[in-house]
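Notes to accompany the following structure.
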Amino acid sequence: MMIEQSKSKRMEIKQNMRGGKGDIEITHITNNEILGKNCRLFAQITVKPGDSIGEHQHINEREVFYFLQGKGIVIDNGKEAEIGPGDVMVTPDQSSHSVINTGDEDLVFMALILNENA
Numbered sequence: 058m059m060i061e062q063s064k065s066k067r068m069e070i071k072q073n074m075r076g077g078k079g080d081i082e083i084t085h086i087t088n089n090e091i092l093g094k095n096c097r098l099f100a101q102i103t104v105k106p107g108d109s110i111g112e113h114q115h116i117n118e119r120e121v122f123y124f125l126q127g128k129g130i131v132i133d134n135g136k137e138a139e140i141g142p143g144d145v146m147v148t149p150d151q152s153s154h155s156v157i158n159t160g161d162e163d164l165v166f167m168a169l170i171l172n173e174n175a
């Protein structure tokens, strides 16, 4: 059994992430050694009101978002959808997406990036 205490989590700020707007807060749930070869990222992401993550493509991987708090718009391969708590978005291999916080509170979600060819 392995337990990682909350104080051991690594947090980083990415400015204008992927061509988006604002400071995006990424709290890594665990490190890549623990995740293994099939998973590149497991993190909680916070997007402030009015901020965004710009459009980007995933090659040889898929990304899953689970939205915890706030509301916003996601654009996946040109298709726009409103999202909120409890919603899940899956961006498959060779697809692109972006996220915009359209609400008046933080948009918080879990992000999991899985390697397709591991």
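Residues in the sequence shown are numbered from 58 upward in steps of one, following this note's numbering.
Ideal Cβ positions, reconstructed from N, Cα and C, are used throughout, including at glycine.
All of these numbers come straight from a predicted model, not from anything done at the bench.
If you check the CB distance, SER155 and GLY107 do not come in under 8 Å.
For GLU90, the enclosing alpha helix (DSSP H) begins and ends at 89–92. Within the same chain, ILE130 come within 7 Å of GLU137 by CB-CB distance, once the 5 residues on both sides are set aside. Taken through DSSP and simplified to helix, strand or coil, MET74 comes out as helix.
Where ASN158 is concerned, the enclosing beta strand (DSSP E) starts and stops at 152–158. For GLY141, the closest C-alpha among the options GLN151, TYR123 and SER152 is that of TYR123.
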